[in-house]
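Undergrad: If you scroll down you'll find the structure; I have some questions about it.
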Amino acid sequence: MATHCILTAPPPLYVPRGITVRSLISFNMAATRSESEVDSAIASVLAELDGIPSLKPEQIEALKAFAGGKDVLAFLPPGFGKDLVYQIAPMVFEKLGRVNPIVIVLTPRVALIKEFQNTEHLQPVDLMEDKIRAATKVGVKVAQLGGDDAEGIAKGEFPLVLGGPERWMLEDEWREMLSSAVYRENLAGVVVDDAHLAYKWGQQSKYQSELRQAFYELLELRSLVKEGTPIMVLTASADLQAVGRVRSILQLEEAHVVRASPNKRSVRLALVPFPDDMCKMESLDWIVDEVRGKGLDMECIIIYCRHLNAVGKVFSYLKHELGDDAWIREEKVSANMLIGIYHSATLDKYKDRVRRSLVGEGSCRVVVATAALGQGVDVKNVGKVVMYGPPEDMENILLMMSRAGCEGKEGHAVLYYKDEQLMKVDKAVKEFVEGNSGETCIRKRLLGHFVSV
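Each residue of the sequence shown is one higher than the one before, counting from 1 in the UniProt record's numbering.
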């Protein structure tokens, strides 16, 4: 029997910031930056940008603290727009009078996900391309370490510079650059974006080893940059152990903390066991009916599968059941198809088709995907999310659920499962689905795993 619960967000939790010697240095740097001046700078930047009329209160709070010279630890959940905070930061610093301000971002180059059944092998999914594309779309001049812009980066020609933690911390070229005259003079701030992933993946290959080493050398950031340079950690994670380690290593115990609830108030979540008397695929027939009845007029649906073999089976079933209705035109080519696939090995042209559709610019209305569709992918047109089998861990459940109900719209997320599948997932997932804690409300069971740091 299906269980439902409307997820209602509690008010954001803000932790006051203490005062240290280093904090006083930061305050002196920002002494002339009154709160009204920072507000005006942010408003001026937004007025010059297309498609970004306003920021959420938590985005503004993080940006104001960072631009004011404070260290910041910001918990902004999936789909909240945390990357936008650092994307426009160089523009805000410039409005506040900084000449040629530079913001550097330490961010994982890839996501590591498990897509193959019966193996511990992790597939890399490129994240940097999407982050560069998004920053460029906002209007900031951006470059990444290891690309074709090394000379321009060294000369300080890019206000926003992205690179993997292992490049910033382990490659002499970039470490030495941070101590150069250009960067000592112009570096306005350092952003550590999702560094908890370096910790998480480093615990689990050559890249993993590099990530682990880079993670534990993050403390050296303090000595590599000019004293008083603010550091902002942005994370969409609720992995308390990982985030706690980042906070400790970067000495952020007294940072200004900004927290937005990971709970999406507009999403209804259901836990539904696969019926014993029917094929599992038949549980998706309502999607076939919706595609056939609404076509291009329907909001997108994402069907998440843990493994590639399930992706293939689900896609084939939908295609077979829809028949000619799987296409919007007689010409049966992928560009005209209402269903699509997204995983780590999907060709870029097909990934682009899916990405465009998820922001309302393509024909794909049902995407069958692995967790590869999640890290760094923008979504605005998703009404429903289906988890076809329980995800690997609680963080994935939260991430996948957050894809539904974008921009305040009502959304629905359903997790289908069989009892035997619960033997192959994290213990917390099993307890969440079965309700072993004694808590009957799904919302409370879910959010109980994501307590504030």
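For glycine and all other residues, C-beta sits at the position ideal for the given N, C-alpha and C.
1. For His320, which of helix, strand or coil comes out of DSSP?
2. Where does Met337 land, buried or exposed, given buried means 16+ other C-beta within 10 angstroms?
3. Under the rule that 16 or more other beta-carbon atoms within 10 Å means buried, what is His320, buried or exposed?
4. Alpha carbon to alpha carbon, how far is Gly156 from Gly411?
5. Smallest Cα separation from Val233: which of Gln59, Val367, Glu392 and Asp426?
6. Once DSSP output is grouped into helix, strand and coil, what is the label at Ala326?
7. Between the stretch 290-309 and the stretch 430-443, are three or more C-beta pairs nearer than 8 Å?
8. Quick one: Cα of Pro16 to Cα of Leu252, how far?
9. Secondary structure at Thr107, three-state DSSP: helix, strand or coil?
10. Asp285: which of Arg329, Leu318 and His307 sits nearest, CA to CA?
11. Go to Met169, then tell me how far its beta strand (DSSP E) extends in each direction, as first and last residue.
12. Candidates Glu217, Phe80, Phe93 and Gly189: which alpha carbon is nearest Ala41's?
13. Start and end of the alpha helix (DSSP H) containing Thr136?
14. According to DSSP, which residues form a beta bridge with Val272?
15. In terms of alpha-carbon separation, which member of Met394, Val161 and Leu46 lies closest to Ala428?
16. Between Val267, Gly323, Lys280 and Lys313, which lies nearest to Gly383 when the distance is taken from Cα to Cα?
17. Does the structure place the stretch 338-354 close enough to the stretch 418-426 that three or more beta carbon pairs sit under 8 Å?
18. Please look up how many angstroms separate the CB atoms of Phe80 and Lys56, rounded, as I've assumed it's under 8 Å.
19. Quick one: measure Cβ to Cβ for Leu250 and Val192, integer angstroms, because I've assumed they're closer than 8 Å.
20. Pop quiz: Pro273 and Lys418 are said to be a contact at Cβ under 8 Å. What is the actual Cβ separation, rounded to whole angstroms?
21. Cα-Cα, which of Glu254, Ile302 and Val85 is closest to Gly373?
22. Give the secondary structure of Lys384 by DSSP, where H, G and I count as helix, E and B as strand, and everything else as coil.
23. Let's test the definition: count the other Cβ atoms within 10 Å of the Cβ of Asp297 and tell me whether it reaches 16, buried, or not, exposed.
24. For His449, does the three-state DSSP call read helix, strand or coil?
25. So who's on the other strand from Gly374, going by DSSP bridges?
26. Inspect the CB distances between the stretch 180-189 and the stretch 99-107 and report whether three or more fall short of 8 Å.
27. Report the CB separation of Ala236 from Pro78 in whole angstroms; it is logged as a contact under 8 Å.
28. Please classify Leu347 as buried or exposed, where buried requires at least 16 neighbouring CB atoms within 10 angstroms.
29. Counting pairs of beta carbons, one from the stretch 221-228 and one from the stretch 258-265, are three or more of them closer than 8 Å?
30. Looking at the secondary structure, which residues open and close the alpha helix (DSSP H) in which residue 458 lies?
31. So is Gly147 buried or exposed if we call it buried at 16+ other beta carbons inside 10 Å?
32. Starting from the Cα of Thr229, find the closest Cα among Gly448, Val72, Val414 and Lys349 and give me that residue.
33. Pick helix, strand or coil for Asn118, following the three-state DSSP scheme.
34. Considering only their Cβ atoms, is the gap separating Arg306 from Gly389 smaller than 8 Å?
35. Give me the Cα-Cα distance between Ser283 and Asp276, rounded to the nearest whole angstrom.
36. Kindly indicate which residue of Lys141, Ala67, Val333 and Val314 has the alpha-carbon position closest to the one of Thr370.
TA: Concretely, from the data shown:
1. The residue given as residue 320 occupies position 320 in the sequence shown. Reduced to three states, the DSSP call for His320 is helix.
2. Against the sequence shown, residue 337 aligns to sequence position 337. The residue is buried, with at least 16 neighbouring Cβ atoms inside 10 Å.
3. In the sequence shown, counting from the first residue as 1, residue 320 sits at position 320. Per the 10 Å Cβ criterion, exposed.
4. Your numbering for residue 156 matches position 156 in the sequence shown. Your numbering for residue 411 matches position 411 in the sequence shown. Roughly 44 Å separates the two Cα atoms.
5. Taking the first residue of the sequence shown as 1, we reach residue 233 at position 233. The option with the nearest alpha carbon to Val233 is Gln59.
6. To locate residue 326, count along the sequence shown from 1; it is residue 326. The answer is helix: DSSP assigns Ala326 an H, G or I state.
7. The stretch 290-309 vs the stretch 430-443: no contact.
8. The sequence position of residue 16 within the sequence shown is 16, counting from 1. The sequence position of residue 252 within the sequence shown is 252, counting from 1. For Pro16, the predicted model reports a pLDDT of 33, less than 50, meaning its position is unreliable; a value from the coordinates is still stated below. Cα to Cα, Pro16 sits roughly 13 Å from Leu252.
9. Position 107 of the sequence shown, counting from 1, holds the residue named residue 107. Coil at Thr107, not helix or strand.
10. Reading the sequence shown from its first residue, position 285 is the one you call residue 285. Nearest C-alpha to Asp285: Leu318.
11. Taking the sequence shown and counting its residues from 1, one reaches residue 169 at position 169. Per DSSP, Met169 belongs to no beta strand (DSSP E); it is in the alpha helix (DSSP H), Pro165 to Leu170.
12. Your numbering for residue 41 matches position 41 in the sequence shown. Ranking the options by Cα distance to Ala41, first place goes to Phe93.
13. Mapped onto the sequence shown, residue 136 falls at position 136. Start and end: Met128 to Val138.
14. The residue labelled residue 272 in the question sits at position 272 within the sequence shown. Per DSSP, Tyr416.
15. For this step, residue 428 is matched to residue 428 along the sequence shown. Comparing Cα-Cα distances from Ala428 to each of Met394, Val161 and Leu46, the minimum goes to Met394.
16. Against the sequence shown, residue 383 aligns to sequence position 383. Comparing Cα-Cα distances from Gly383 to each of Val267, Gly323, Lys280 and Lys313, the minimum goes to Val267.
17. no
18. Position 80 of the sequence shown holds residue 80. Position 56 of the sequence shown holds residue 56. At roughly 7 Å, the Cβ-Cβ gap stays under 8 Å, so Phe80 and Lys56 are in contact.
19. Start at 1 with the first residue of the sequence shown, and residue 250 comes out as number 250. Start at 1 with the first residue of the sequence shown, and residue 192 comes out as number 192. Confirmed, about 7 Å.
20. Position 273 of the sequence shown, counted from the first residue, corresponds to residue 273. Position 418 of the sequence shown, counted from the first residue, corresponds to residue 418. Right, their Cβ atoms sit about 7 Å apart.
21. Locating residue 373 in the sequence shown gives position 373, where the first residue counts as 1. First, the amino acid is wrong: residue 373 is Leu here, not Gly. The candidate whose alpha carbon is nearest that of Leu373 is Ile302.
22. Position 384 of the sequence shown, counted from the start, is the residue given in the question as residue 384. In this structure, Lys384 counts as strand in the three-state DSSP scheme.
23. Along the sequence shown, read from residue 1 onward, the residue named residue 297 stands at position 297. Under this definition Asp297 is an exposed residue.
24. Translated into the one-based positions of the sequence shown, residue 449 becomes position 449. His449 falls in the coil class under three-state DSSP.
25. The sequence position of residue 374 within the sequence shown is 374, counting from 1. Partner(s): none; Gly374 has no beta bridge.
26. yes
27. In the sequence shown, residue 236 corresponds to position 236, counting from 1. In the sequence shown, residue 78 corresponds to position 78, counting from 1. Contact flag correct, Cβ pair sits at about 5 Å.
28. As a first step, residue 347 must be located in the sequence shown, where it is residue number 347. Exposed: under 16 other Cβ atoms inside 10 Å.
29. no
30. Because the chain is modelled from 1 through 453, residue 458 falls outside the range shown and cannot be assessed.
31. To locate residue 147, count along the sequence shown from 1; it is residue 147. Looking at its Cβ environment, which holds fewer than 16 other Cβ atoms inside 10 Å, Gly147 is exposed.
32. Within the sequence shown, residue 229 is the residue found at index 229, counting from 1. Comparing Cα positions, the closest option is Val72.
33. Along the sequence shown, read from residue 1 onward, the residue named residue 118 stands at position 118. For Asn118, the predicted structure reports a pLDDT of 47, less than 50, and the residue's modelled location is therefore unreliable. A value from the coordinates is still provided. In this structure, Asn118 counts as coil in the three-state DSSP scheme.
34. Translated into the one-based positions of the sequence shown, residue 389 becomes position 389. Translated into the one-based positions of the sequence shown, residue 306 becomes position 306. Yes.
35. As a position in the sequence shown, residue 283 is number 283, starting the count at 1. As a position in the sequence shown, residue 276 is number 276, starting the count at 1. Approximately 11 Å, taken between the alpha carbons.
36. For the purposes of this step, residue 370 is taken as the residue at position 370 of the sequence shown. Cα-wise, what sits closest to Thr370 is Val314.
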